[in-house]
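There are 2 protein chains.
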Amino acid sequence: MPSNPTAAILIIGNEILSGRTQDVNTKFIAGRLAALGHRLEEVRVVPDVAERIIRAVNELRAAYDNVFTTGGIGPTHDDITSECIAAAFGVPWEKHQESWDALERHLGREQFNEARQRMAMLPRGAVPIPNSVSIAPGFSIGNVHVMAGVPRIMQAMFAGLETVLARGTPIAMRAVHGLRVKEGSIAAGLSAIQARYPQVDVGSYPFYRESGSGVAVVVKGTDVEALEAAIGEAESLIAAEGITPVRGEPPV
Amino acid sequence: MPSNPTAAILIIGNEILSGRTQDVNTKFIAGRLAALGHRLEEVRVVPDVAERIIRAVNELRAAYDNVFTTGGIGPTHDDITSECIAAAFGVPWEKHQESWDALERHLGREQFNEARQRMAMLPRGAVPIPNSVSIAPGFSIGNVHVMAGVPRIMQAMFAGLETVLARGTPIAMRAVHGLRVKEGSIAAGLSAIQARYPQVDVGSYPFYRESGSGVAVVVKGTDVEALEAAIGEAESLIAAEGITPVRGEPPV
Numbered sequence: 049m050p051s052n053p054t055a056a057i058l059i060i061g062n063e064i065l066s067g068r069t070q071d072v073n074t075k076f077i078a079g080r081l082a083a084l085g086h087r088l089e090e091v092r093v094v095p096d097v098a099e100r101i102i103r104a105v106n107e108l109r110a111a112y113d114n115v116f117t118t119g120g121i122g123p124t125h126d127d128i129t130s131e132c133i134a135a136a137f138g139v140p141w142e143k144h145q146e147s148w149d150a151l152e153r154h155l156g157r158e159q160f161n162e163a164r165q166r167m168a169m170l171p172r173g174a175v176p177i178p179n180s181v182s183i184a185p186g187f188s189i190g191n192v193h194v195m196a197g198v199p200r201i202m203q204a205m206f207a208g209l210e211t212v213l214a215r216g217t218p219i220a221m222r223a224v225h226g227l228r229v230k231e232g233s234i235a236a237g238l239s240a241i242q243a244r245y246p247q248v249d250v251g252s253y254p255f256y257r258e259s260g261s262g263v264a265v266v267v268k269g270t271d272v273e274a275l276e277a278a279i280g281e282a283e284s285l286i287a288a289e290g291i292t293p294v295r296g297e298p299p300v
Numbered sequence: 049m050p051s052n053p054t055a056a057i058l059i060i061g062n063e064i065l066s067g068r069t070q071d072v073n074t075k076f077i078a079g080r081l082a083a084l085g086h087r088l089e090e091v092r093v094v095p096d097v098a099e100r101i102i103r104a105v106n107e108l109r110a111a112y113d114n115v116f117t118t119g120g121i122g123p124t125h126d127d128i129t130s131e132c133i134a135a136a137f138g139v140p141w142e143k144h145q146e147s148w149d150a151l152e153r154h155l156g157r158e159q160f161n162e163a164r165q166r167m168a169m170l171p172r173g174a175v176p177i178p179n180s181v182s183i184a185p186g187f188s189i190g191n192v193h194v195m196a197g198v199p200r201i202m203q204a205m206f207a208g209l210e211t212v213l214a215r216g217t218p219i220a221m222r223a224v225h226g227l228r229v230k231e232g233s234i235a236a237g238l239s240a241i242q243a244r245y246p247q248v249d250v251g252s253y254p255f256y257r258e259s260g261s262g263v264a265v266v267v268k269g270t271d272v273e274a275l276e277a278a279i280g281e282a283e284s285l286i287a288a289e290g291i292t293p294v295r296g297e298p299p300v
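Put into structure tokens, the structure is as follows:
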């Protein structure tokens with residue numbers, strides 16, 4: 049899949065690193081990126097510390113075609129993403145008149161206090177990401193897309209981004225699973241399938257469920273013909289173990 | 049919390065980057081590390097690509113006191129963590145006799161095929177991590193602790209590690225929440241609390257639940273006295289908004 053754009057996610061959040069919060073934004077963004085044909089190559093979680101955010105933004109934006117950040121864009125003292133992005137890009141962090149006016153209109157002059165006025169400060173050159181559910185100030189600057197940490201707001205922002213992001217060839221996935229199959233028994237066969245279809249990724253994932261244990265084989269890539277051929281061979285491999293292969297992911 | 053050991057998590061997994069799998073290992077390890085008094089400073093997710101794994105291992109083990117990896121230690125072609133760790137440390141990847149014998153005993157000679165024999169290969173100098181639920185070959189080498197990706201196996205390995213990891217001062221957390229509280233209204237007060245108690249981290253997290261929306265204030269740190277004082281002040285801040293503050297996290 050060499051021609052698809054690459055992507056990274058940067059999660060800015062003490063709440064993930066402390067174990068307080070289960071991150072669910074990665075899975076959402078990852079799934080959407082696959083559908084858009086972007087290859088997600090890395091995820092990083094860093095604390096709400098300016099120097100750490102700035103360094104991660106600069107490393108990731110240099111390494112990948114797009115960077116998606118979540119978290120740290122609210123009105124409180126721990127919301128420092130926006131000013132860190134300005135520092136990372138070496139541009140002023142300044143009043144964004146359009147956002148200022150919209151916030152003032154939305155909140156009323158009395159509620160538009162100093163803390164909330166910070167939300168109208170953006171890096172120079174930033175373009176706001178419209179979103180239908182909140183006043184949280186997401187924005188894009190260069191190849192960095194800055195979104196809220198709250199999942200439903202992040203998702204609304206991503207929907208806005210989807211209308212402007214470049215499209216690649218969608219990355220498709222096929223799965224087959226077999227109950228009671230042991231990874232070690234089909235490993236050599238899987239390795240041969242991967243060798244025959246180097247243009248797709250063949251993954252093997254043992255699962256342990258109340259309904260039963262086994263192995264799921266997952267093939268992903270942009271070449272649908274190779275994908276179908278590879279998953280068909282994985283199916284035969286499971287059948288050769290005397291087990292009935294079942295298309296799709298194992299039941300939850 | 050400057051005297052506590054620092055930590056990073058490295059998740060090796062195409063299945064996370066493709067959006068197929070919801071990572072739950074980060075939250076588990078993060079919570080346990082906080083209890084052990086280790087400061088989790090970074091999480092990275094990288095694909096099953098040797099060069100990427102090696103680079104991440106070397107960057108993280110240089111930057112943090114401990115690195116915990118998950119994923120890629122099974123018998124299939126996409127399980128390359130162990131040999132990558134050997135490459136990262138610049139040591140041979142070789143047959144570990146004790147693991148070899150245990151696997152052969154456990155599986156029987158006939159089942160102990162070439163694919164499974166790979167699981168008995170470890171970086172020279174690695175020490176196996178005992179675990180009660182599987183034959184998956186976790187190990188520690190230097191400050192890097194290599195665990196399975198399957199959550200229940202990873203958790204059993206982490207339990208083994210906990211008996212040998214250094215202890216720091218446990219990182220405690222206190223939370224208070226207020227329904228209908230707006231972040232922007234308490235932002236200035238929270239900022240003042242953070243300034244008065246620089247030894248703890250004061251975080252503000254809006255929540256949106258079917259049972260109601262509001263803000264949770266979370267304070268964490270090793271100084272329990274400061275923690276109690278800070279959360280008490282956050283409580284007063286919410287009360288000053290005319291809202292009854294409730295100790296603990298908001299209801300799910």
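Protein chains in written order, with my numbering: chain P, 49 to 300; chain U, 49 to 300.
By construction, the Cβ of each residue, glycine as well, lies at the ideal position given by its N, Cα and C atoms.
All values derive from a computational prediction rather than experimental measurement.
Would you report the Cα separation of I102 of chain P and V194 of chain P, rounded to the nearest angstrom? 13 Å
For K75 of chain P, which of P:M202, P:E258, P:D126, P:G67 has the nearest alpha-carbon? P:M202
With respect to the beta strand (DSSP E) encompassing T124 of chain P, which residues constitute its N-terminal and C-terminal limits? From DSSP, T124 of chain P is part of no beta strand (DSSP E); its letter is neither H nor E.
Give a yes or no on whether the minimum CB-CB distance between M49 of chain U and chain P is below 8 Å. Any reading at M49 of chain U is ruled out, since the residue's pLDDT is 43, under 50, leaving its predicted position unreliable.
Collapsed DSSP secondary structure at R87 of chain P in the structure displayed: strand
What do you get for P299 of chain U, buried or exposed, if any count of 16 or more other CB atoms within 10 angstroms of its CB means buried? exposed
Let's see if you can read the secondary structure: which residues bound the beta strand (DSSP E) around R257 of chain P? 249–257
Tell me, please, whether the CB atom of M202 of chain U is closer than 8 Å to any CB atom in chain P? no
Can you list the residues of chain P that K268 of chain U reaches, using a CB-CB cut of under 7 Å? S66
My output table needs one value for K230 of chain U: the three-state DSSP class, helix, strand or coil. coil
Who are H154 of chain P's beta bridge partners in DSSP? In DSSP, H154 of chain P forms no bridge with anything.
Please go through the same chain and pick out, in chain order, the residues whose beta-carbon is closer than 6 Å to the beta-carbon of C132 of chain U, but skip the five residues on each side of it. A98, I101, I102
Residue ranges of each alpha helix (DSSP H) within the segment 151–224 of chain P, 4 or longer: 162–165, 199–210
Could you check how far apart the C-beta atoms of I57 of chain U and F116 of chain U are, in whole angstroms? I think they sit under 8 Å. 5 Å
On the premise that Y253 of chain P lies in contact with V267 of chain P, defined as a C-beta separation below 8 Å, what is that separation, rounded to the nearest angstrom? V267 of chain P to Y253 of chain P, Cβ: 12 Å. No contact.
Please confirm if D126 of chain P has its CB atom under 8 Å from at least one CB of chain U. yes
How about E289 of chain P and I234 of chain P: do their beta carbons lie closer than 8 Å? yes
Nearest CA to the CA of V93 of chain U: which residue from U:A174, U:R257, U:G119? U:G119
CB contact check: Y245 of chain P to chain U, cutoff 8 Å: no
Range covered by the alpha helix (DSSP H) that runs through G269 of chain U: Element bounds for G269 of chain U: not the alpha helix (DSSP H) but the beta strand (DSSP E), 260–269.
Which partner residues does R92 of chain U have in the DSSP bridge list? P:R92, U:L58
Under 7 Å Cβ to Cβ from E281 of chain P, same chain only, skipping five residues before and after it: list those, please. I241
Could you check whether the segment 148–157 of chain P touches the segment 216–226 of chain U, counting it as contact only if at least three pairs of C-beta atoms, one from each stretch, sit closer than 8 Å? no
Among the candidates U:P176, U:A111, U:P185, whose CA atom is the shortest distance from the CA of V212 of chain U? U:P176
7 Å Cβ shell around P293 of chain P - same chain, five flanking residues per side excluded: V224, G226, E283, I286, A287
Determine the burial state of D126 of chain U: buried for a count of at least 16 other Cβ atoms within 10 Å of its Cβ, exposed for fewer. buried
Taking Cβ to Cβ, would you say S180 of chain U is nearer than 8 Å to A214 of chain U? no
Cβ of T129 of chain P less than 8 Å from any chain U Cβ? no
Quick one: measure Cβ to Cβ for N52 of chain U and R87 of chain U, integer angstroms, because I've assumed they're closer than 8 Å. 5 Å
Flag G85 of chain U as yes if its beta-carbon sits less than 8 Å from any beta-carbon of chain P, otherwise no. no
For R244 of chain U, which of U:A278, U:L170, U:P218, U:R172 has the nearest alpha-carbon? U:A278
Please state the DSSP three-state secondary structure of V294 of chain U. strand
Selected residue, minimal CA-CA separation from V265 of chain U, among U:P185, U:D249, U:E146: U:D249
Only counting the same chain, and skipping five residues up and downstream in sequence, which positions put a Cβ closer than 7 Å to that of G190 of chain U? R109, F137
Quick one: grab the DSSP three-state call for E289 of chain U. coil
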